[in-house]
Amino acid sequence: MCILPLDKMCNLSHNKFMLNTTQLADFTQRLVPLTYFRRNAGEVLDKLSRYGNFVLTKDGQPVAKLSFFTNKAVSSRRQIEADLKKVKKLAGGFRLGGDLTPEKINQILDDRYAEMLP
Amino acid sequence: MPKCYLDSNILVYFKDESSPFHRQVVSQIGSLLEQEAQFFISPLVLDEFLHSFKQGLIFKYKKVKDLPQKLKAALTEVLSLPKLSLVNPPLDFPKQLKVVDLMSKYYLRPRDAYHLLTMQFNDIDSFFSFDNDFKLVFAAKILKPVISQ
Chain A
142 MCILPLDKMC NLSHNKFMLN TTQLADFTQR LVPLTYFRRN AGEVLDKLSR
192 YGNFVLTKDG QPVAKLSFFT NKAVSSRRQI EADLKKVKKL AGGFRLGGDL
242 TPEKINQILD DRYAEMLP
Chain B
-12 MPKCYLDSNI LVYFKDESSP FHRQVVSQIG SLLEQEAQFF ISPLVLDEFL
38 HSFKQGLIFK YKKVKDLPQK LKAALTEVLS LPKLSLVNPP LDFPKQLKVV
88 DLMSKYYLRP RDAYHLLTMQ FNDIDSFFSF DNDFKLVFAA KILKPVISQ
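Residue numbers (the numbering used here), protein chains in the order written: chain A, 142 to 259; chain B, -12 to 136.
1. Taking only three categories from DSSP, how would you classify B/D3?
2. Just the chain B side, please: which residues come within less than 9 Å of A/K227 by C-beta, in chain order?
3. What residue ranges within the segment 157 to 234 of chain A form continuous alpha helix (DSSP H) runs of no fewer than 4 residues, ordered along the chain?
4. Alpha carbons only, please: which of A/F168, A/Q248, A/A255 is nearest the one belonging to B/N119?
5. Using three-state DSSP, classify B/L71 as helix, strand or coil.
6. Can you tell me whether B/N75 is buried or exposed, with buried defined as 16 or more other CB within 10 angstroms of its CB?
7. Identify the contact partners of B/P7 in chain A, using a Cβ-Cβ distance below 7 Å as the criterion.
8. Anything in chain A within Cβ reach of B/S91, meaning under 8 Å, just list it in chain order.
9. May I have the straight-line CA-CA distance separating B/D88 from A/R191, to the nearest angstrom?
10. Does the separation of the CB atoms of A/S208 and A/N194 fall below 8 Å?
11. With burial defined as no fewer than 16 other Cβ atoms inside 10 Å of the residue's Cβ, what is the status of A/P146: buried or exposed?
12. I need the straight-line Cα distance from B/P132 to B/L(-7), nearest angstrom please.
13. Any idea if A/Y254 is buried or exposed, counting beta-carbon neighbours within 10 angstroms, 16 or more meaning buried?
14. Less than 6 Å between C-beta atoms, sequence neighbours within five positions excluded: which residues of the same chain meet that for B/L71?
15. Evaluate the contact criterion for the segment 200 to 215 of chain A versus the segment 0 to 19 of chain B: three or more CB pairs, one atom per stretch, below 8 Å.
Structure, rendered in structure tokens:
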């Protein structure tokens, strides 16, 4: 949806960028006059999660940026919990008898090399 | 965020639930994930895992039905571990000579020296293994052991 980063969009008034019709429509949707925000803050905040950010304008000029707040700690915790669940699901599934000590594994690998020597 | 190289014995014990090391491996992997660690293996680790796992199956069952399918299933699940990436040793010729230096400095087998070279080349700082042959490497603080040796 967002084609240009917001900071670049904000430079539009300096004629540094040319936008096509789609980009312009997207940009226009993200502009929120300050008075509209004051009267409809709830509605704007509801839309914020979908749009990610809005630019507040006063007298047609951008004055502030409104960004959706993501709680990184919470999403990171959720990811860790999902990973731990996945590990439990992937672990096990085979029973090799419990005789494979680390030394025995080393021996198996060494024997393989030894077999190939003349 | 720790970068942790997994040895083939860790992968074997992860899949072998009859091993006395199985629970320790699963719990340690969980605790590393809690620390937001990233896991790394190399094709050499996979080669060792496939060979020792195959031998383990043969020791246990003598004649294994559908051996390739069983190996493929175990490998698929190992490769599905979260935060796991595959890394390679350096590919330029002069760096291959370093393997011999590592072998003589830390009394390593060639394949263990290749693991160490791969870890050094990829800036991996910790090593999860039950192999005691890396004692000198840990003592020299080249790598951090995940479990105390």
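A virtual CB, placed ideally from N, CA and C, is assigned to each residue, including glycine.
Since we're looking at a predicted model, the values are computed, not measured.
On the basis of the supplied data:
1. As a working mapping, residue 3 of chain B is identified with position 16 in the second sequence. In the structure shown, B/D3 falls within a strand segment according to DSSP collapsed to helix, strand and coil.
2. Here residue 227 of chain A corresponds to residue number 86 of the first sequence, with the count starting at 1. Near A/K227 (Cβ distances below 9 Å), the residues of chain B are S67, L68, P69.
3. Correct list: 162 to 170, 175 to 180, 182 to 192, 213 to 231.
4. Counting from one through the second sequence, the residue named residue 119 of chain B turns up at place 132. With distances taken between Cα atoms, B/N119 lies closest to A/Q248.
5. To locate residue 71 of chain B, count along the second sequence from 1; it is residue 84. Residue state, collapsed to three classes: strand.
6. Here the question's residue 75 of chain B lines up with position 88 in the second sequence. With fewer than 16 other beta carbons inside 10 angstroms of its own, B/N75 counts as exposed.
7. Mapped onto the second sequence, residue 7 of chain B falls at position 20. Taking a Cβ-Cβ cut-off of 7 Å, the neighbours of B/P7 in chain A comprise G239, given in sequence order.
8. Here residue 91 of chain B refers to the residue found at position 104 of the second sequence. Ordered by position in chain A, no residue passes the 8 Å Cβ test against B/S91, which lies about 18 Å from the chain.
9. As a working mapping, residue 88 of chain B is identified with position 101 in the second sequence. As a working mapping, residue 191 of chain A is identified with position 50 in the first sequence. B/D88 and A/R191 have their C-alpha atoms roughly 57 Å apart.
10. As a working note, residue 208 of chain A is residue 67 in the first sequence. As a working note, residue 194 of chain A is residue 53 in the first sequence. Cβ atoms of A/S208 and A/N194: closer than 8 Å.
11. Position 5 of the first sequence, counted from the start, is the residue given in the question as residue 146 of chain A. With a pLDDT of only 46 at A/P146, under the threshold of 50, the placement of this residue in the model should not be trusted, and no figure is reported.
12. Here residue 132 of chain B corresponds to residue number 145 of the second sequence, with the count starting at 1. Here residue -7 of chain B corresponds to residue number 6 of the second sequence, with the count starting at 1. Per the coordinates, the alpha-carbon of B/P132 lies some 11 Å from the alpha-carbon of B/L(-7).
13. Translated into the one-based positions of the first sequence, residue 254 of chain A becomes position 113. That one is exposed.
14. To locate residue 71 of chain B, count along the second sequence from 1; it is residue 84. For B/L71, where only same-chain residues beyond five positions count, the Cβ hits under 6 Å are F26.
15. The segment 200 to 215 of chain A, when compared against the segment 0 to 19 of chain B, does not touch it at the 8 Å Cβ threshold.
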